[in-house]
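All remarks here apply to the structure that follows.
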Amino acid sequence: MDNVTAPFARVFRRGFFFLFAQRKTFEVFKTSEVLSECPASVGMTRCADKAPRVTFSTSSRKHLGKFTFMQNFDRKEHWEKIYGTKSLNEVSWYQPVPTTSLDMVKLFNLPKDAKIIDVGGGDSLLVDHLLELGYTNVSVLDITENAIERAMERIGANSQHVKWIVADAATYVPNQQYDFWHDRAAFHFLTDKTEVNHYIQAISKGLKPNGKLVLGTFSTDGPLKCSGIEIQKYSEKSITEMLKPYFEKTNCFTINHETPSGSKQNFLFCSFQKFH
Ligand SMILES: C[S@@+](CC[C@H](N)C(=O)[O-])C[C@H]1O[C@@H](n2cnc3c(N)ncnc32)[C@H](O)[C@@H]1O
Numbered sequence: 141m142d143n144v145t146a147p148f149a150r151v152f153r154r155g156f157f158f159l160f161a162q163r164k165t166f167e168v169f170k171t172s173e174v175l176s177e178c179p180a181s182v183g184m185t186r187c188a189d190k191a192p193r194v195t196f197s198t199s200s201r202k203h204l205g206k207f208t209f210m211q212n213f214d215r216k217e218h219w220e221k222i223y224g225t226k227s228l229n230e231v232s233w234y235q236p237v238p239t240t241s242l243d244m245v246k247l248f249n250l251p252k253d254a255k256i257i258d259v260g261g262g263d264s265l266l267v268d269h270l271l272e273l274g275y276t277n278v279s280v281l282d283i284t285e286n287a288i289e290r291a292m293e294r295i296g297a298n299s300q301h302v303k304w305i306v307a308d309a310a311t312y313v314p315n316q317q318y319d320f321w322h323d324r325a326a327f328h329f330l331t332d333k334t335e336v337n338h339y340i341q342a343i344s345k346g347l348k349p350n351g352k353l354v355l356g357t358f359s360t361d362g363p364l365k366c367s368g369i370e371i372q373k374y375s376e377k378s379i380t381e382m383l384k385p386y387f388e389k390t391n392c393f394t395i396n397h398e399t400p401s402g403s404k405q406n407f408l409f410c411s412f413q414k415f416h
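Numbering-wise (the working numbering), the sequence shown opens with residue 141 and increments by one.
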């Protein structure tokens, strides 16, 4: 490009990007919450038995904008695709026995009727083990129907003893209080400060006084991404600082998770107690 046309090309390019940036502001999303006992998206056959404790809460984002050029990352779509295409033991976070999480349950000596929620539980085997240990009040929340459906199918008839919740943790508002809130490898996907704050407040609202919280995130020595998405890594200091307004730290430690492909991911597990 010669010296005469180059400046025009630069201006044109800038204008083009400016236009894109402007267009992006026209992207308007509306979040709608649908609460029903058996939405069609989960499959009427599965709900035909009218399992009384199975409740779904589906958050969906409706695209109202007309001028979208740049699509925002749709986290629900991303996770639906993962669970729609990869099998249980193909994903990097797979654990045949979630030993660390189960050890925490033991450590807290939770009674069998304790209200437990596993947020971002996906189709993790934690719920299977909790049921096997005799826990009767377990909820699993995940952003994807695909993961929840897989877990329900795997567990079979016992799945009616679990409360399944499809919701985005970034906007979820619990409508009951739990004794134990567990989150392994979901919290660290929230990288937006507003969403992180919302989630921490949701945990605080959703835990009983003195309720227990376990967060398993990538440590500062952990990977930069998981499942192709940027994550937020935490140190004991940074996570404790963040939760300080509502929770007292009980314990933190790091542990290597070996993925099915044999690589190591360094996790930070921290437990907290909600202030009375
Ligand atoms: C890395 S996997 C961990 C799954 C499970 N906790 C385990 O340890 O095997 C992350 C899980 O979090 C879910 N997830 C990601 N972002 C979420 C969000 N904003 N709200 C609810 N679930 C989310 C994904 O669908 C996925 O099941």
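Every residue, glycine too, gets a C-beta built ideally from N, C-alpha and C.
Only a predicted model underlies this, so the values are computations on that prediction, with no experimental measurement involved.
Could you give the DSSP three-state label for residue i: helix, strand or coil?
i, result
"ASN420", "No answer is possible for residue 420: it lies beyond the span of the chain, which begins at 141 and ends at 416."
"ASN350", "strand"
"LEU204", "Residue placement at LEU204 is flagged as unreliable, the pLDDT there being 31, under the threshold of 50; a coordinate-derived value is accordingly withheld."
"THR399", "coil"
"SER344", "helix"
"THR360", "coil"
"ASN298", "helix"
"THR239", "helix"
"THR380", "helix"
If you follow the beta strand (DSSP E) that residue i is in, where does it begin and where does it stop?
i, result
"LYS303", "302 to 306"
"LYS414", "404 to 414"
"LEU228", "Premise fails: LEU228 is in no beta strand (DSSP E) and is neither H nor E."
Between the options, which lies nearest to residue i when the distance is taken from Cα to Cα?
i, options, result
"PHE329", "LEU273, HIS416, ASP282, GLU293", "ASP282"
"LYS221", "GLN405, ASN286, ILE371, ASN315", "ASN286"
"ASP308", "CYS410, ARG215, LEU364", "ARG215"
"LEU265", "GLY351, PRO236, THR357", "PRO236"
Report yes if the C-beta of residue i is less than 7 Å from at least one heavy atom of ligand 1; otherwise report no.
i, result
"ILE305", "no"
"GLN372", "no"
"TRP321", "no"
"PHE248", "no"
"ASP308", "yes"
"CYS392", "no"
"ILE283", "yes"
"GLY262", "yes"
State the beta-bridge partners of residue i as determined by DSSP.
i, result
"TRP321", "ILE257, LEU353"
"ASP282", "VAL306"
"LYS426", "The chain is shown only over 141 to 416; residue 426 falls outside these bounds and no answer can be derived."
"LYS389", "PHE412"
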